[in-house]
Amino acid sequence: MDASLTPEAESAVADVAQRHGLSREAVLAMLLAVNNGGGTMAQFSIPELGGSGQWMRGGMTMVGNMFDNALKARVDALCGELSRLLATTTVFPTTSASPQGQFTADNWWPGDLGIPSSSGGQNDARYAIFPSTRRLAIQVNGVTRVFDTGDHHIGGVQQQQGGNTYGSVTFTSQLGTFDVSSLRELGSRQVAETPVAAPSSHEMRDQAPPPSAPAQPEPVMAAPSDDAAAIIAAIESLAGLHQRGILSDEEFATKKAELLSRL
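In terms of UniProt numbering, the sequence shown is residues 1 to 263.
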């Protein structure tokens with residue numbers, strides 16, 4: 001795996017790798033993961049960092065060994081620094097054909113859903129989560145379906161290896177583990193296999209649904225604010241951890257106050 005970086009970003013990646021005691025490849029992999037998550041989340045699988053894990057800006061970090069607090073702190077520090085790098089530096093050349101443009105992350109979802117708090121996927125199945133508007137988009141074999149997440153505050157994602165069905169992606173919220181079969185579907189559409197950018201909301205309204213899909217009215221939603229949406233999503237995830245007893249009252253109150261101060 002590799003990606004084209006600007007000279008400034010290449011220098012920053014080398015510096016981060018040296019200071020964190022990691023290889024350039026590991027830092028680059030995490031940089032792409034953070035970028036895919038809109039700068040606020042990351043889903044990764046990096047051997048130097050304990051294998052598979054997830055990170056959310058604001059206080060939630062999960063690694064392969066859930067009791068390895070030193071590794072959690074290391075991942076959190078690395079991801080936080082890479083998130084700031086993405087926000088303050090042009091990381092990917094504007095003329096680059098990289099599949100993941102900075103903070104655009106291969107926008108295959110309907111443009112009027114806004115910016116997701118987390119996105120990812122493998123093979124022919126991928127997902128994007130939009131907590132501010134309670135929406136979930138999943139694409140399988142070029143067909144994107146949008147769901148209403150209702151009362152779920154999604155804090156984790158699991159995807160079956162080699163799975164290419166809508167049920168192969170499961171999610172964890174304060175209500176437990178679920179897949180899209182329990183959610184209300186809002187619509188589906190066929191898209192190009194390799195979209196360059198998300199179409200505008202006006203273009204989406206002009207497109208008719210595929211013949212095999214029933215025509216459904218498209219929901220009207222306000223585009224979320226990037227920073228505010230990320231902070232709110234982090235608070236919701238922390239609340240779920242607090243409800244399950246993973247965070248103490250004091251830890252939850254401290255983190256919540258810290259996040260609210262950023263609004």
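Each residue gets a CB set at the ideal place from its N, CA and C atoms; glycine is no exception.
| Check | Outcome |
| --- | --- |
| Grouping DSSP H, G and I as helix and E and B as strand, with all else coil, what is P99? | Annotation note: pLDDT 39 at P99 (below 50); position unreliable, coordinate value reported separately. DSSP places P99 in coil when its eight states are reduced to three. |
| In angstroms, rounded to a whole number, what distance separates the CA positions of L31 and L113? | 24 angstroms |
| One question on the structure: do V157 and A125 come within less than 9 angstroms of each other, judged by their Cβ atoms? | no |
| Per DSSP, L136 is paired with what? | I129 and F147 |
| Among V13, T165 and P131, which one has its Cα closest to the Cα of C79? | V13 |
| Alpha carbon to alpha carbon, how far is S117 from F103? Give it in angstroms, no decimals. | Unreliable placement is indicated for F103, whose pLDDT of 40 sits below 50; the coordinate value is still reported in the next sentence. About 11 angstroms. |
| Please report the residue range of the alpha helix (DSSP H) in which T88 lies. | N69 to T88 |
| Could you tell me whether the Cβ atoms of A230 and K256 are closer together than 9 angstroms? | no |
| CB-CB under 7 angstroms to R134, same chain, minus the five flanking residues each way: which ones, in chain order? | D148, T149 and G150 |
| By a C-beta neighbour count over all protein chains shown, 10 Å radius and 16 as the cutoff for buried, is Q243 buried or exposed? | exposed |
| Beta-carbon within less than 6 angstroms of I154's beta-carbon, same chain only, minus the 5 sequence neighbours each way: which residues are those? | I129, F171 and S173 |
| Which value, in whole angstroms, describes the spacing of the CA atoms of G121 and Q43? | 9 angstroms |
| Nearer than 8 angstroms: is that true of the beta carbon of M56 relative to any heavy atom of the ligand ATP? | This structure does not include the ligand ATP; it has no bound ligands of any sort. |
| In whole angstroms, what is the alpha-carbon distance linking S132 and F92? | 27 angstroms |
| Just to confirm before moving on: does the CB-CB distance between T6 and T89 stay below 9 angstroms? | yes |
| Grab me the residues of L263's own chain with a C-beta within less than 7 angstroms of its C-beta, minus the 5 sequence neighbours each way, in chain order. | A228 and I231 |
| Do Q159 and W108 have their C-beta atoms closer together than 9 angstroms? | no |
| Over what stretch of residues does the beta strand (DSSP E) that includes V157 continue unbroken? | G156 to Q159 |
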